[in-house]
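>
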Amino acid sequence: MVAVGHTPEPSCIGHQHRLVCWPLAVFLLAHSVSCLRTSMAGVKEWHLIASVGKEVYVVREPVLVTLQWKNTSRSSQRLRVRRPSTITVLRNASKPLGYDLFRTALEQIGGLMGNTVVVASGETFEQSSWLLLGRSRGQREWEFLLSVPGKYSVSFLGLAQTGKEVKVEFEVAPVATEQDRQALRAFSPAAASVFLGETRIRPVQKDTAGLEHVSLKHSHSTYAPYAAIGVAEYLWRSAGGFKLDLERYRRNLDVVIESRRHHPLRPRALYLLARAYMYRKGKKDEVARVAARLAKEHPESPYIGLIEKESGLALGRGTKKKRAVGSRTRRGETKLARVRPERIPEGPREAFEGYWRSFAAGKVDAVARLLHSEFIGDEGGKAAREKRLAWALEKYDVTTLKIEVTDSELRTSHRRPRTLRAIERSWSGRICVITYYITTAMTERRSGKNEGGRSGPLQTALLKTDGKWLLISEHAEPQPRNWKAGMLANQLEYQLSKSFETVKVWDGREDVVLRDELKSRLLKEKADAELSWRTVRMTMAGPKRDMPRFEGEVTLQRSDKGNGSRTSRSRVVVSFVLDDGRLRLAAIEPVQDQ
């Protein structure tokens, strides 16, 4: 294993804001959001290490980077999980490669981006891992990096809120075996989309078939373990724990578990297998067997703690942890309360109450029958709502569900506003619009943690179709200003990382290409120049935290007649304000005193 670490110097860390969805929003996908403040201890408390699992990789083999933060203080400290502000890839110590990089959702031990975790004194928090994917500037498809043999260095800047950087070094060798040559044809580059965990980026079913061919037909190739994990992750995302094709899932994972005892992905494969057994009745012994194998063969793996947390097993003693009294109730015991339901007319009231009765009873199929085929919620369409409700019912036990109706209105038309993951849409016909609040009390199934809360105002519209009232729309109403600005800023940040050349922003009059605006303001005279952007950080400014500010590194490459080209780099801040539900470009300013 190659690792380079450092102990960051002291730095003054300000309060960081994060948008936190109530557990209700996880459950019902009604975006009731509150802003919480978290603070982090001085970076002098943390020792940061980055490492990779191998010293020599093969061309296009994924590089799994593990990041570790060790708490060197004498007390527990809070650590905010965040991505690096800058990732730089060098080959043979040359200039940085022109790649956009993307962090995969392949593994997320310890929490998602933006969450805060508490690390005890002397303990280490591990974020594993970062699968380095990239695309050449101007290209649309993601692919695995490192397509050319050589010695590589990958640097990470901005971790643990420090100006220091850590880096990993490794070598990439050419393909040497016939197995690898055959496997590589199906493995790259299209298969990279499977590892992204973002099925909306491109259809992945065909790519998954190619990965499974690599996993099962070329099981001795370098790429087989990655293909096997990719297929398993895809199967899990597609079907969930209860509907998973366990035999197919296990067949792919065995490629790593039984044949690659020293591969860095093997602990992950054992964890995935144990997790699948957790969702099957009568498989408790199988969970314990796989978990014990993981603890014995990979005693330092953080997946041991993850299995303990999710299954309730205490692997050190081989016994099951006792749950707190009342920490879990059986499904079907949800208490459903309705406040002022008489405010809803009889026809739509029956459908609206039937929706929540079915949800309280854990009957996703019955819920789906009350959704219109054109239903749109804050998470997307009908299929997205069904999938998220099924996930929520697997994860939580709801003990109390209270629906408080504040208003209802019969209309002949209805417009649903645009939200982050859902389009603006209008309907006409016999429509009933209901405004209400939801209060929940729930328990996370595996941890026994009690959660719940009261939502902000929600609005559901029902449309009468062929004599039946069906839910056609749902959204949070109104959306908090800072929440909406934050969501739009996150969306813009993603667009900047995906395709900076084509990103358009609104200047108050029309949509303009951001790259052209930067050119016109940074270049005093007209000149041929290529401009690229890398986001360094995004913050929310203003007294109400509703003004997104993007600080980025701009690279300008000018062409001079007879003198070749000149390259310059500078830091620029691009500011926006929320205006009429959209982000309006407010200012483009250079960063002073760099």
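Just so you know, we're using the working numbering here: the sequence shown kicks off at 840 and counts up by one. Positions of the beta carbon are idealized from the N, C-alpha and C atoms, including for glycine.
1) DSSP three-state call for Lys1135: helix, strand or coil?
2) Using C-beta distances below 7 Å, list every residue in its chain close to Thr1378, excluding the 5 sequence neighbours before and after it, in chain order.
3) Taking Cβ to Cβ, would you say Val1430 is nearer than 9 Å to Arg1408?
4) Using a Cβ-Cβ cutoff of less than 7 Å, which residues in the same chain neighbour Asp1419 once the five nearest sequence positions on both sides are dropped?
5) Looking at Leu1302 and His1253, is the spacing between their C-beta atoms short of 9 Å?
6) Going by DSSP in three states, Leu1424 sits in which element: helix, strand or coil?
7) Between Val1449 and Met1281, how many whole angstroms is the CB-CB distance? I'm expecting something under 8 Å.
8) Answer yes if the stretch 1059 to 1072 comes into contact with the stretch 1083 to 1092, meaning at least three C-beta pairs across the two stretches below 8 Å, and no otherwise.
9) Measuring only the C-alpha atoms, how far is Glu1332 from Glu1369?
10) Identify whether Thr1341 lies in helix, strand or coil by the three-state DSSP scheme.
11) According to DSSP, simplified to helix, strand and coil, what is Leu1085?
12) Look up Thr1047 in the DSSP assignment and say whether it is helix, strand or coil.
13) Rounded to a whole number of angstroms, what is the C-alpha to C-alpha distance between Phe1415 and Val1352?
14) Measuring only from the beta carbon, is Gly892 closer than 8 Å to any heavy atom that is part of the ligand MG?
15) Is Pro1387 helix, strand or coil when you go by DSSP?
16) Where do the N-terminal and C-terminal ends of the beta strand (DSSP E) with Lys1241 fall, by residue?
17) If you draw a straight line from the C-alpha of Ala1315 to the C-alpha of Trp1372, how long is it?
18) Are Thr1299 and Thr1239 touching if we call contact CB-CB under 9 Å?
19) Sort Trp1266, Arg913 and Thr927 by Cα distance to Val1375 and report the nearest one.
20) Any idea if Ile1215 is buried or exposed, counting beta-carbon neighbours within 10 angstroms, 16 or more meaning buried?
21) Just how far apart, CA to CA, sit Ser914 and Gly1049?
22) Can you check whether the CB of Arg1293 is closer than 9 Å to the CB of Tyr835?
23) Can you check DSSP and say which residues form a bridge with Lys909?
24) Tell me which residue opens and which closes the beta strand (DSSP E) that Ile1273 is part of.
25) Is Arg1273 near Asp1246, with beta carbons less than 9 Å apart?
26) Within 10 angstroms of its Cβ, does Pro1141 collect 16 or more other Cβ (buried), or is it exposed?
27) So, Ala1071 versus Ser1098, is the Cβ gap smaller than 9 Å?
28) Among Ala1176, Asp1124, Leu1109 and Lys1122, whose alpha-carbon lies nearest the alpha-carbon of Gly1144?
29) Quick check on this structure: which residue in Arg1348, Gly1347 and Leu1357 has the alpha carbon closest to the alpha carbon of Ala1341?
30) If you draw a straight line from the C-alpha of Gly1193 to the C-alpha of Gly1220, how long is it?
31) In angstroms with no decimal places, state the Cα-to-Cα distance between Arg1132 and Arg1087.
32) Quick check on Leu867: does DSSP put it in helix, strand or coil?
33) For Glu1390, which option in Lys1383, His886, Leu1335 and Asn931 has the closest C-alpha, if you only look at C-alpha atoms?
If we stick to the structure as given:
1) Note: Lys1135 maps to helix in three-state DSSP.
2) Excluding sequence positions up to five before and after Thr1378, its CB lies within less than 7 Å of the CB of Arg1388, all in the same chain and listed in chain order.
3) The beta carbons of Val1430 and Arg1408 sit no closer together than 9 Å.
4) Annotation for Asp1419: no residue places its beta carbon closer than 7 Å to its own, counting only its chain and skipping 5 residues before and after.
5) For His1253 and Leu1302, yes; Cβs fall inside 9 Å.
6) It is a strand residue.
7) No information on residue 1449 is available, as it lies outside the stretch 840 to 1433 that the chain covers here.
8) Segments in contact, yes.
9) The alpha-carbon atoms of Glu1332 and Glu1369 are separated by roughly 21 Å.
10) Thr1341: helix per DSSP, three-state reduction.
11) Leu1085: helix per DSSP, three-state reduction.
12) Three-state DSSP puts Thr1047 in a helix.
13) One Cα belongs to Phe1415, the other to Val1352, and the distance between them is close to 15 Å.
14) The ligand MG is absent from the structure shown, which contains no ligands of any kind.
15) The three-state reading of DSSP puts Pro1387 in strand, counting E and B together.
16) Where Lys1241 is concerned, the enclosing beta strand (DSSP E) stretches over Tyr1235 to Arg1255.
17) Between Ala1315 and Trp1372, the C-alpha separation is close to 34 Å.
18) It is not a contact, given that the beta carbons lie outside the stated cut-off.
19) Sorting Trp1266, Arg913 and Thr927 by C-alpha distance to the C-alpha of Val1375 places Thr927 at the top.
20) Burial call: buried.
21) So the alpha carbons of these two residues sit roughly 49 Å apart.
22) An answer regarding residue 835 cannot be provided, because it is not within the stretch 840 to 1433 covered by the chain.
23) Per DSSP, His886 and Thr963.
24) Membership of Ile1273 in the beta strand (DSSP E) is indicated by the continuous run Arg1264 to Glu1283.
25) For clarity, residue 1273 is Ile in the given sequence; the question names Arg instead. Note that the C-beta distance between Ile1273 and Asp1246 is below 9 Å.
26) Pro1141 is buried by the Cβ-count criterion.
27) No, these two residues do not count as a Cβ contact at 9 Å.
28) Of the candidates Ala1176, Asp1124, Leu1109 and Lys1122, Leu1109 places its Cα closest to the Cα of Gly1144.
29) The displayed chain sequence assigns Thr, not Ala, to residue 1341. Residue Leu1357 is the option with its Cα nearest to Thr1341.
30) For the pair Gly1193 and Gly1220, the Cα-to-Cα distance works out to about 20 Å.
31) Going from the Cα of Arg1132 to the Cα of Arg1087 covers about 21 Å.
32) With a pLDDT of 39 at Leu867, under the threshold of 50, the predicted position of this residue should be treated as unreliable, though the coordinate-derived value follows. It is helical.
33) Of the candidates Lys1383, His886, Leu1335 and Asn931, the one whose C-alpha sits nearest the C-alpha of Glu1390 is Leu1335.
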